[in-house]
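Be aware that the sequence shown starts at 13, since it is given in the numbering used here, and climbs by one per residue. The C-beta atom is built at its ideal place from N, Cα and C for all residues, glycine as well. Read the structure below first, then the notes.
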Amino acid sequence: MDPADELICLGHDENLAARQGAILPPIAQASLFAQPSFAELAEGLAHENRRFVYSRGKNPTVAALEAKIAALERAEEAQCFASGQGAISATLYGLLRAGDHVLFANQVYGPALQLARHLERFGVTHDHLPEADAAAIAAAFRPQTRLLYLESPGTMTFRQLDLAAAAAAAKARGILTVCDNTWATPLFQKPLELGVDLSLQSLSKYTGGHSDVIGGVVAGSAALLATIFYGAFLLNGAVLGPHDAYLLLRGLRTLPVRLRQHQADGLAVARWLAGRPEVGTVLHPALIAEDAAIGARQLRGYGSLFSFTLKEAGHPEVARFIDALRYFRIGVSWGGVESLVISPSREGNAAALEKAGLPAGLVRLSVGLEGAAVLIADLEQALEKIHR
Ligand SMILES: *Cc1c(COP(=O)(O)O)cnc(C)c1O
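The following block contains the structure:
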């Protein structure tokens with residue numbers, strides 16, 4: 013972790029004097045901002061991506077969060093949204109037009125692909141390479157390709173993609189690259205430093221950190237952010253509220269220390285699972301040998317979200333295992349203090365999973381902050397119940 017990033021997260025970049033020494037950023041719970049003159053109102057409306065006019069555009073509390081995320085991502089600017097999916101949809105709506113093609117590479121967040129299928133009705137086409145390297149990506153570009161959309165480590169299988177090589181291949185063709193950086197957060201991976209144009213995140217995961225807030229953000233150049241602001245954000249109208257921005261600013265305060273603990277406990281649980289006879293493979297970026305060289309170049313640390321396969325891969329076995337867990341709560345999302353378990357397994361869907369590049373018997377864990385020993389004991393007793 014870069015010590016400069018930790019200081020940003022802890023609030024040492026903030027101007028306390030400008031807010032009477034208040035140790036935390038104030039919540040600007042206001043829908044509109046009165047202007048000193050009519051001329052300044054006109055000026056503000058002409059530059060709504062820079063001025064505080066109406067909170068459906070810019071709001072000071074949300075702007076404070078955006079400034080921090082831009083600094084962490086080494087971006088000129090950042091724009092927050094009501095959710096991570098809001099950041100994804102505004103990026104696609106803002107940058108694409110009829111006739112464009114989008115290439116998705118690596119396993120990516122499912123709703124991003126659902127949105128791509130929805131965009132077909134507006135004349136935007138796409139392809140998806142669930143497993144790809146830079147050469148396969150370059151070979152899949154079409155004359156109409158406008159955007160390369162990546163996620164690394166990828167959703168569910170946590171394989172890594174060489175971000176610098178993929179972004180260079182896109183840049184050579186004048187194609188923009190977007191990376192979903194939710195897993196690593198900018199503390200552990202900086203896509204823009206690797207040549208990626210836009211880094212987006214769900215803030216509902218590690219940044220919020222307590223499973224009590226939904227938010228999203230995209231970071232990049234001022235020019236691209238202005239295109240997204242005027243071409244999608246302001247038109248969609250789905251903003252992050254100032255109170256949610258405050259919760260996310262508070263989440264950032266403890267993000268470095270939480271991530272360190274998530275990393276240590278996630279690795280301990282993953283390594284323990286790798287030694288168990290009931291377990292097939294452990295899909296944790298630290299344990300996937302084929303990706304070690306890529307990881308050494310682009311990943312500074314590990315999140316605690318990973319998957320593994322049960323050797324007894326049938327749906328009844330997966331369900332029995334999950335239902336036997338006591339400390340892993342059964343639920344979607346991840347990145348909070350509580351450990352979570354989920355699986356894409358459903359009765360009779362093994363063939364569909366294989367087609368999507370997901371192995372049968374896949375179980376995904378989000379390792380929370382209960383302590384590795386408690387979680388390992390829980391997994392052990394649940395593994396023993398698979399056959400009962
Ligand atoms: C959760 C998630 C999203 C979507 O974020 P929301 O805040 O839930 O809309 C996008 N990408 C990844 C990798 C996620 O885990």
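Which same chain residues end up closer than 7 Å to residue i when comparing Cβ atoms and leaving out the 5 residues on each side of it in sequence?
i: residue 237; result: 89 and 91
i: residue 77; result: 92, 257, 260 and 261
i: residue 181; result: 146, 149 and 150
i: residue 7; result: Only positions 13 to 400 of the chain appear in the structure, and residue 7 is not among them; the question remains open.
i: residue 307; result: 172 and 297
i: residue 57; result: 65
i: residue 187; result: 153, 157, 158, 159 and 160
For ligand 1, any of its heavy atoms closer than 8 Å to the Cβ of residue i?
i: residue 192; result: yes
i: residue 163; result: yes
i: residue 284; result: no
i: residue 227; result: yes
i: residue 97; result: yes
i: residue 124; result: yes
i: residue 216; result: yes
i: residue 293; result: no
i: residue 121; result: yes
i: residue 342; result: no
i: residue 167; result: yes
i: residue 357; result: no
i: residue 345; result: yes
i: residue 187; result: no
i: residue 398; result: no
i: residue 100; result: yes
List the whole-angstrom C-beta distance separating residue i from residue j, where the pair is believed to meet the contact cut-off of C-beta under 8 Å.
i: residue 136; j: residue 120; result: With 8 Å as the limit, residue 136 and residue 120 do not qualify as a contact, their Cβ atoms being about 16 Å apart.
i: residue 328; j: residue 170; result: Not quite, the Cβ-Cβ distance comes to about 26 Å (not below 8 Å), so this is no contact.
i: residue 251; j: residue 81; result: 15 Å between Cβ atoms; not a contact.
i: residue 94; j: residue 117; result: Incorrect: roughly 27 Å between the Cβ atoms, too far for contact.
i: residue 127; j: residue 108; result: Not quite, the Cβ-Cβ distance comes to about 11 Å (not below 8 Å), so this is no contact.
i: residue 350; j: residue 398; result: No, residue 350 and residue 398 are not in contact; Cβ-Cβ is about 23 Å, not under 8 Å.
i: residue 96; j: residue 213; result: 6 Å
i: residue 152; j: residue 141; result: 6 Å
i: residue 189; j: residue 179; result: 4 Å
i: residue 387; j: residue 273; result: The Cβ separation is near 12 Å, so there is no contact.
i: residue 175; j: residue 393; result: Going by Cβ atoms, the distance from residue 175 to residue 393 rounds to 39 Å, so no, they are not a contact pair.
i: residue 285; j: residue 391; result: 7 Å
i: residue 112; j: residue 156; result: 6 Å
i: residue 354; j: residue 369; result: Their Cβ separation, rounded to whole angstroms, is 17 Å, which puts residue 354 and residue 369 out of contact at 8 Å.
Given a cut-off of 9 Å on the beta-carbon distance, is the pair residue i and residue j in contact?
i: residue 220; j: residue 67; result: no
i: residue 198; j: residue 335; result: no
i: residue 384; j: residue 277; result: yes
i: residue 317; j: residue 376; result: yes
i: residue 36; j: residue 103; result: no
i: residue 60; j: residue 215; result: no
i: residue 395; j: residue 333; result: yes
i: residue 54; j: residue 64; result: no
i: residue 25; j: residue 99; result: no
i: residue 191; j: residue 233; result: no
i: residue 352; j: residue 346; result: yes
i: residue 319; j: residue 348; result: no
i: residue 299; j: residue 288; result: no
i: residue 43; j: residue 248; result: no
Could you name the residues of the same chain whose beta carbon sits closer than 8 Å to that of residue i, not counting the 5 residues immediately before and after it, in chain order?
i: residue 365; result: 356, 357, 371, 372 and 374
i: residue 267; result: 21, 197, 199, 218, 219 and 221
i: residue 110; result: 134, 135 and 136
i: residue 265; result: 21, 22 and 23
i: residue 62; result: 70
i: residue 280; result: 384 and 388
i: residue 363; result: none
Could you name the residues of the same chain whose beta carbon sits closer than 6 Å to that of residue i, not counting the 5 residues immediately before and after it, in chain order?
i: residue 321; result: 292, 293, 371, 373 and 374
i: residue 275; result: 313 and 314
i: residue 40; result: 71, 72, 73 and 254
i: residue 243; result: 106
i: residue 359; result: 327
i: residue 185; result: 153
i: residue 122; result: none
Whole alpha helix (DSSP H) elements within the segment 320-390, 4-residue minimum
Segments of the alpha helix (DSSP H) lying fully in the segment 320-390: 327-336 and 362-367.
Complete beta strand (DSSP E) runs within the segment 136-217 (minimum length 3 residues, chain order):
Runs found: 137-141, 157-163, 188-192 and 210-214.
Can you list the beta strand (DSSP E) stretches of 3 or more residues lying completely in the segment 82-133, in chain order?
Complete beta strand (DSSP E) runs here, min 3: 89-93 and 113-117.
Kindly provide the ranges of any alpha helix (DSSP H) runs that are 4 or more residues long and lie completely inside the segment 220-270, ordered along the chain.
Considered as a whole, the segment 220-270 harbours 234-240 as its complete alpha helix (DSSP H) runs of no fewer than 4 residues, in chain order.
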